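Under full-length UniProt numbering, the first residue of the sequence shown carries the number 1, and numbering increases by one thereafter. Even for Gly, the Cβ is constructed at its ideal location relative to N, Cα and C. It should be emphasised that the depicted structure is a prediction, and the values quoted were computed from it without experimental measurement.
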Amino acid sequence: MSGAAERATKAFVAEHEVEPDSVWSAPGRVNLIGEHTDYNDGYVFPFALPHRTAVAVRRRDDGLLSLATHGSDDTLQRAGTFRIDDLEAGEPSGWASYPAGAAWALRESGISLPGADLVISGEVPTGAGLSSSAALECATALALLDAAGRALDGPNAPDVMDVARWTRRAENEFVGAPTGLLDQTASLRCERAHALFFDVRSGETEQIPFDAAGSGLEVLVVDTRANHSHSESGYGDRRKGCEQAAELLGLSALRDISAAELDDALRRLPEESRPLVRHVVTENDRVLETLRRLRRDELAEVGELLTASHTSLRDDYRVSCAELDVAVEAALESGASGARMTGGGFGGSAIALVSTELRPRTEQAVTEAFERHGFASPRLFTAVPSTGAARDR
Ligand code: GAF
């Protein structure tokens, strides 16, 4: 059982004086490459973090949903008890909007929920671009599905991609963040020791063995602690810009433009749309090249693609920020073979592909660069591809 699941179980027993029926947990993720491509029907390449959010659940039969979360300071925060039939977008707000949104989305998709007591314990850093929201939505959805007799590992299991779509709907319509399908799919589908190649349009996935340590490498995560949120306008504006450009070109999504067709497409677009389109098309191409290199077991050769992705996100898509740029530059100057922001941007985390020997030097270089710029100290850790969402007990 994961540490988060143990904590959720203990907090559940303390709160309800009875054991939970089951506990489900789901991980955060880093996206190796393929940023802002998911809502353009493109390609993404995440892997799951060891950090998980766990939800302990006990069924109740009165149509009510009680929500509480166990904090790192060992206190329990209670959001209250809600009638599932009465849930409407936006209420409750704050952290409770994610589990309430998951219940709402299941209800809206025709799943009959009997009611449940939920106690949550999360260890995915929040606001860090590491997908704590999806971890919470997915773990909640799986716990509620179990209470409804539709456990993911049982005979009436739903299709896991439906669970990804339901939880994404929770985030889009209940929480109000217009995100794509990357995070929920990563949380639900990633496997230990693998990165997940995901073609968002076709829904096809491929598990690609990802053994950085075996190649003498590490993926260092730099959580810049610079604030990030997708409910704010920057993310939605980029998304709208892409949709408008696709429409102008008479395409259903920017995915339809190949790298060879890029120059022609750019000529047919107004100036302001060009950088957005250039990023999406070149990023899809970098994801496919990453896939080819990883299939050939050439992890060290992926570094330059990561760095090119960052440059494109910084200069064309304009979703980076000073902290992310400093993290990437410091990592590269210290000898990392590649580095980029990961996730939606506007703050959050960067990743750097570094050799195991060099990692302490890179950590020091990033920490010192942050000090010099007067930024808060970054949180640094090596990310090891971990297990996707599952039952803990
Ligand atoms: C966030 C979103 F939730 C994802 O859907 C994706 O668009 C990502 O930003 C950018 O690649 O994590």
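**Asked** Taking the alpha-carbon positions, what's the R181 to A390 distance?
**Response** As a position in the sequence shown, residue 181 is number 181, starting the count at 1. As a position in the sequence shown, residue 390 is number 390, starting the count at 1. In the sequence as displayed, the identity of residue 181 is Leu instead of Arg. Each residue's alpha carbon lies about 19 Å from the other.
**Asked** Which residues share a DSSP beta bridge with I120?
**Response** Looking up residue 120 in the sequence shown gives position 120. Note: I120 sits in a beta bridge opposite V55, T69.
**Beta-carbon spacing of R58, A116 below 9 Å** = Here residue 58 is taken as the residue at index 58 of the sequence shown, counted from 1. Here residue 116 is taken as the residue at index 116 of the sequence shown, counted from 1. Their beta carbons are under 9 Å apart, which means R58 touches A116 by this criterion.
**Prompt:** Do R238 and L266 have their CB atoms nearer than 9 Å?
**Reply:** Within the sequence shown, numbered from 1, the residue matching residue 238 stands at position 238. Within the sequence shown, numbered from 1, the residue matching residue 266 stands at position 266. Not a contact, by the Cβ cut-off of 9 Å.
**Message:** For the ligand GAF, is there any heavy atom lying closer than 8 Å to the beta carbon of E298?
**Reply:** As a first step, residue 298 must be located in the sequence shown, where it is residue number 298. E298: no, Cβ never under 8 Å from the ligand GAF.
**Request:** Could you tell me whether any non-hydrogen atom of the ligand GAF is closer than 8 Å to the CB of E243?
**Result:** As a first step, residue 243 is located in the sequence shown; it is residue number 243 there, counting from the start. E243 has its CB no nearer than 8 Å to any heavy atom of the ligand GAF.
**Message:** Quick check: what's the CA-CA separation for A336 versus V281?
**Reply:** Translated into positions along the sequence shown, residue 336 becomes position 336. Translated into positions along the sequence shown, residue 281 becomes position 281. Here the C-alpha atom of A336 lies approximately 26 Å from the C-alpha atom of V281.
**Prompt:** Based on Cα-Cα distance, which residue from T69, R359, S2, L130 lies nearest to E47?
**Reply:** If you number the sequence shown from 1, residue 47 lands on position 47. The sequence as given places Phe at residue 47; Glu does not occur at that position. The shortest C-alpha separation from F47 is found at L130.
**Asked** Can you name, in chain order, every residue of its own chain whose Cβ lies under 8 Å from the Cβ of L262, other than the five neighbours on each side?
**Response** Locating residue 262 in the sequence shown gives position 262, counting from the first residue. For L262, the CB contacts under 8 Å within the same chain, skipping 5 residues up- and downstream, are V277, R278, V281, T282 in chain order.
**Prompt:** Under a criterion of Cβ closer than 5 Å to any non-hydrogen atom of the ligand GAF, which residues qualify, in chain order?
**Reply:** Every residue whose Cβ sits closer than 5 Å to any heavy atom of the ligand GAF is listed here in chain order: E35, H36, D38, T179, G180, L182, D183, G343, G344.
**Request:** Compare the C-alpha of R314 against each of A11, G343, A300, L291 and name the closest.
**Result:** Position 314 of the sequence shown, counting from 1, holds the residue named residue 314. Minimum Cα distance to R314 is reached at G343.
**C-beta atoms of W104 and L87 nearer than 9 Å** = Taking the first residue of the sequence shown as 1, we reach residue 104 at position 104. Taking the first residue of the sequence shown as 1, we reach residue 87 at position 87. Going by C-beta atoms, W104 is nearer than 9 Å to L87.
**Prompt:** Which parts of the stretch 80-148 are runs of the alpha helix (DSSP H), unbroken and 4 residues or longer, counting only runs that do not cross its ends?
**Reply:** You should have 97-108, 132-147.
**3 or more residues per run - each beta strand (DSSP E) lying fully within the UniProt domain "GHMP kinase C-terminal" (295-370)** = Taking only runs of at least 3 residues, the beta strand (DSSP E) segments lying wholly in the UniProt domain "GHMP kinase C-terminal" (295-370) are 338-342, 349-355.
**Prompt:** So G203 is in the beta strand (DSSP E); what residue range does that whole segment cover?
**Reply:** Taking the sequence shown and counting its residues from 1, one reaches residue 203 at position 203. Careful: G203 lies outside any beta strand (DSSP E) and carries neither H nor E.
**Request:** Kindly indicate which residue of L291, F82, A170 has the alpha-carbon position closest to the one of V44.
**Result:** The count along the sequence shown starts at 1 and reaches residue 44 at position 44. Nearest C-alpha to V44: L291.
**Message:** Looking at I111: is its Cβ nearer than 9 Å to the Cβ of A79?
**Reply:** Numbered from its first residue, the sequence shown carries residue 111 at position 111. Numbered from its first residue, the sequence shown carries residue 79 at position 79. Not a contact, by the Cβ cut-off of 9 Å.
**Message:** Quick check on the DSSP output: the alpha helix (DSSP H) that includes V222 runs from which residue to which?
**Reply:** Position 222 of the sequence shown, counted from the first residue, corresponds to residue 222. Where V222 is concerned, there is no enclosing alpha helix (DSSP H), although the beta strand (DSSP E) around it starts and stops at 217-223.
**Prompt:** Helix, strand or coil for P158 per DSSP?
**Reply:** Against the sequence shown, residue 158 aligns to sequence position 158. Note: P158 maps to coil in three-state DSSP.
**Message:** Given this structure, state the Cα-to-Cα distance separating G374 from V200, to the nearest angstrom.
**Reply:** Residue numbering aside, residue 374 sits at position 374 when the sequence shown is read from its first letter. Residue numbering aside, residue 200 sits at position 200 when the sequence shown is read from its first letter. Their Cα atoms are separated by approximately 39 Å.
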